[in-house]
Structures are given as C-alpha cells and as structure tokens.
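Data block below; observations after.
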Amino acid sequence: MSQHVDIVIGNLTTFIHEIYKIGGRKFGFLNVPDLGCFPALRILQPKNDDSCLRDASRLASMHNRALTNLLFQMQRQVKGFKFSLFDMNKSLRLRMQHPSKFGFKEGEEACCGTGKWRGVFSCGGKRIVKEYQLCENPKDYIFWDSLHLTQNTYNQFANLIWNGGHMSDSLVVGPYNINNLFQIP
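With UniProt numbering, letter number 9 in the sequence shown gets 9, and the count goes up by one each step, no holes.
Right under this line is the structure:
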C-alpha cells in the first residue's frame with residue numbers, strides 16, 4: 001500500500017517542481033477524504049458491520065500524512081513556496097459524525113442509490129442495477145450517491161477553502177486559506 005502512496009506523492013512532487021520552475025509560487029491542495037467510509041465502499045466491508053472499509057481508509061490516511069509532510073517540507077526548503085491545504089478528510093468526517101451541527105439530517109446514507117446506505121451505485125437506473133431510491137430533499141444529505149457528495153456539502157467545503165475556518169478547535173485550512181493566499185504578493 002505504501003508503494004502506491006509513494007508513487008502518487010513522488011508524481012505530485014515532480015509536478016509542483018515543474019510548476020515552480022515556470023513561476024508558480026502559490027498552490028492549493030485538498031487532502032483525500034476517508035474513502036473507506038463512502039457508501040459504495042462500506043458495502044464491501046466483509047464483516048457486514050457498520051464500519052468503514054479498513055484498507056481504503058488506511059490508504060487515504062497514509063496519503064494525507066505524506067501530503068502534509070511534503071507540503072511543509074517544501075515550505076521550509078523551496079523559496080517563496082506558499083500553500084493552502086484543506087483537510088477534506090476531517091471536514092467530511094465531522095459532518096458524517098455530527099450531521100445536524102452542519103445542517104444535515106443524514107450523515108451516512110446517500111440520497112440516491114439502493115441497498116444498505118444506498119451504497120449500490122444505481123442512481124438514475126442506467127447501470128447494471130436498475131432499481132434505486134431517491135430522497136425527497138438532497139440538502140438533508142451529505143452524500144448525493146454512493147461516491148459523490150451533495151451540492152450543499154460542496155458549498156460548505158468551498159466556503160471553508162475560500163475563507164478558512166476552525167472545526168472542533170482544529171484548523172481545517174492552512175497555513176493560508178485561498179482568499180489570503182491570493183492577497184500575498
């Protein structure tokens with residue numbers, strides 16, 4: 001698993017250096033949400049319990065640690081390198097654990113799909129599985145379907161990325177939000 005993370009981080013490092021060579025100094029990043037907790041992956045959990053798919057969750061966590069380390073290392077070593085990192089993983093997890101705090105009614109089940117958590121990717125009936133259920137109000141849900149978030153969730157994330165913000169006393173955007181990053185000469 002760590003080989004995959006090393007390859008991705010290595011490629012990302014190369015791309016950042018190439019952009020830096022042609023004048024790029026300010027960068028924006030999102031880390032990876034806990035993919036193992038998405039409805040489409042939770043239904044693959046062999047234990048058939050309510051937990052997240054462990055291997056996918058572990059891979060996302062490894063990637064996020066490596067990305068954070070890379071960015072702070074580059075900030076120390078590369079002259080003028082500035083970045084914004086949105087902790088999408090934490091932001092999504094907090095919404096899933098406490099949906100009502102963020103204006104949602106449902107934190108784990110998708111608005112559209114079928115099966116447990118509506119985790120079968122069948123929304124629209126154009127896939128192998130034709131049956132699907134559709135919620136009445138997508139604004140009440142974090143997940144639109146088993147792999148994608150709702151517009152309401154993305155709007156909240158966009159606001160955090162642009163303006164910054166704290167959740168549970170821990171920074172979710174840093175060291176700069178995108179708005180501040182644009183203001184730096």
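We put the CB at the ideal spot given by N, CA and C, even for glycine.
Please read these numbers as outputs of a predicted model, since none were measured by experiment.
### Message
In the DSSP assignment, the beta strand (DSSP E) including S51 goes from what residue to what residue?
### Response
Mapped onto the sequence shown, residue 51 falls at position 51. Here S51 belongs to no beta strand (DSSP E), and DSSP marks it neither H nor E.
### Query
Does DSSP classify L149 as helix, strand or coil?
Residue 149 sits at position 149 when you count from the first residue of the sequence shown. In the structure shown, L149 sits in a strand (DSSP, three-state: E or B).
### Task
Please report how far the alpha carbon of S57 lies from the alpha carbon of G124, in whole angstroms.
Reading the sequence shown from its first residue, position 57 is the one you call residue 57. Reading the sequence shown from its first residue, position 124 is the one you call residue 124. Looking at the two C-alpha atoms, the distance is approximately 28 Å.
### Query
Just the Cα atoms here: how many angstroms apart are C135 and M74?
Here residue 135 refers to the residue found at position 135 of the sequence shown. Here residue 74 refers to the residue found at position 74 of the sequence shown. Between C135 and M74, the C-alpha separation is close to 45 Å.
### Task
Following the continuous beta strand (DSSP E) through P175, name the residue where it begins and the one where it ends.
As a working note, residue 175 is residue 175 in the sequence shown. Looking at the DSSP string, the run of the beta strand (DSSP E) that includes P175 is 173–175.
### Message
Let me make sure I understand the geometry here. Which of E109, H63, I128, D50 has the alpha-carbon closest to that of D145?
### Response
For the purposes of this step, residue 145 is taken as residue 145 along the sequence shown, with counting starting at 1. Residue E109 is the option with its Cα nearest to D145.
### Counterpart residues of C112 in DSSP-defined beta bridges
Here residue 112 refers to the residue found at position 112 of the sequence shown. In DSSP, C112 forms a bridge with L134.
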